[in-house]
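In my numbering, the protein residues as written are -6 to 350.
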């Protein structure tokens, strides 16, 4: 009986491989047509649409996360026969930014680790990388302020958003928690695992380092050392996962943005981001936002940041639902601009789906 089932699996795998090969041929033809017609090769809106459709058709045998993981690699392989993108992310290797980039673009893409978020912006602006993946906000720690500031300084567009569920694991070369002598990690994961550490590693010295990846590197090199890090860190630095999901809050999610130089076409489920600063008149903020309410455009996020170049002036960052090509959104944006001292559209892009694990 077991042999019969294994034979069935072998036959199914052969059929899948044949279909994947056929899919690659079709993808190559699509790439040729795009070049002949002058279309952009990588269409992130279309890729997000494919993933959403597949996830919506999932059944009990395949979870949404499994479908996303499988098809992100299939899409990445298809993309590689059209154009292999170079993607910048906040490094070093095996950070959560790296994980987000891999989930978005798969292993068939080329990656470049940047030392700072500003370097990610610079690599994309100079054309060294087609895309950059940057963190914008965390559900518990709030906004990543440097990312907000850089959108004012650089002329780049948001092309996509991606939500990653942050899972912290206890990593080490040792095989028993009792043999851990000291622990490394970035200050943020340490804070997010505070209660677990108090209950399970009380008295063990905790040392702060610049990143979870560096923590994993140190844990791999030092006897008795452990780190708080991701599953990707464990795989990259060949560490044992002694305890999984040690974060105090299980619904810890980081939102990432993909930055580039192109504008995405409407998908029917989009967001538009913009920034502006106000004139010094009474009710200025109310006047700027009122056109959204009049046209039934939902404001999903607003945040202010002090401007570095003007004392006591503030930049407002806003996310709204809809695409700037939608009539109600377009009309609202035109009216908003009349009441702003300065306004900059950061792009319209497909709204992200459920967080990936």
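A virtual CB, placed ideally from N, CA and C, is assigned to each residue, including glycine.
What you are looking at is a predicted structure, and each value in this text was computed from that prediction instead of being measured.
Query: Complete alpha helix (DSSP H) runs within the stretch 246 to 333 (minimum length 4 residues, chain order); Result: 277 to 287 and 320 to 331
Query: Cβ-Cβ distance between residue 244 and residue 58 below 9 Å; Result: no
Query: Neighbourhood of residue 288 by C-beta distance below 7 Å, restricted to the same chain and skipping five residues each side; Result: 321, 324 and 325
Query: C-alpha distance - residue 258 paired with residue 186, whole-angstrom precision; Result: 41 Å
Query: Test item: CB-CB of residue 315 and residue 291 under 9 Å; Result: yes
Query: Proximity below 9 Å, CB of residue 174 to CB of residue 216; Result: yes
Query: Local conformation of residue 151 per DSSP, three classes; Result: strand
Query: Runs of alpha helix (DSSP H) wholly within the stretch 137 to 220 (minimum 4 residues, chain order); Result: 138 to 146, 180 to 185, 187 to 193 and 205 to 214
Query: Alpha-carbon to alpha-carbon, residue 139 and residue 227; Result: 28 Å
Query: For residue 230, the three-state DSSP class (helix, strand or coil); Result: coil
Query: Residue environment, residue 242, which counts as buried when at least 16 other CB atoms sit within 10 Å; Result: exposed
Query: Beta-carbon proximity list for residue 90, same chain, < 8 Å, skipping 5 on both sides; Result: 82, 83, 84, 126, 127, 128 and 249
Query: Rounded straight-line distance, which links the Cα of residue 222 to that of residue 160; Result: 8 Å
Query: Beta carbon of residue 395 nearer than 9 Å to that of residue 203; Result: Outside the shown range of the chain, which is -6 to 350, sits residue 395, and nothing can be said about it.
Query: Cα-Cα separation between residue 263 and residue 176, rounded to whole angstroms; Result: 42 Å
Query: Contacting residues, own chain, Cβ-Cβ under 6 Å from residue 152 (five flanking each side not counted); Result: 37, 251, 253, 257 and 342
Query: Pairwise C-alpha distance: residue 61 and residue 371; Result: Absent from the structure is residue 371, since the part of the chain shown begins at -6 and ends at 350.
Query: Assigned exposure category for residue 279 - 16 Cβ within 10 Å defines buried; Result: exposed
Query: Where residue 54 falls, given that 16 or more other Cβ within 10 Å makes a residue buried; Result: exposed
Query: Buried versus exposed, by CB contacts within 10 Å (16 or more), residue 318; Result: exposed
Query: Cβ contact check for the stretch 90 to 103 and the stretch 65 to 82: 3 or more pairs under 8 Å; Result: yes
Query: Alpha helix (DSSP H) segment containing residue -3, residue limits; Result: -5 to 30
Query: Close Cβ partners of residue 74 (< 6 Å) along its chain, the five nearest in sequence each way excluded; Result: 17, 20 and 21
Query: Span separating the alpha-carbon of residue 272 from that of residue 179; Result: 41 Å
Query: Residue 208 CB to nearest heavy atom of the ligand SAH below 8 Å; Result: Looking for the ligand SAH in the displayed structure turns up nothing, as the structure carries no ligands at all.
Query: Best match in 297, 338, 26 and 313 for proximity to residue 136 [C-alpha to C-alpha]; Result: 297
Query: Cβ neighbours of residue 306 in the same chain (closer than 8 Å, five flanking residues each side left out); Result: 270, 299 and 300
Query: Where residue 82 falls: helix, strand or coil (DSSP); Result: strand
Query: Residue 150, buried or exposed, once every other Cβ within 10 Å from all chains shown has been counted against 16; Result: buried
Query: Helix, strand or coil at residue 96 [DSSP, three-state]; Result: helix
Query: Rounded C-alpha distance that separates residue 143 from residue 2; Result: 51 Å
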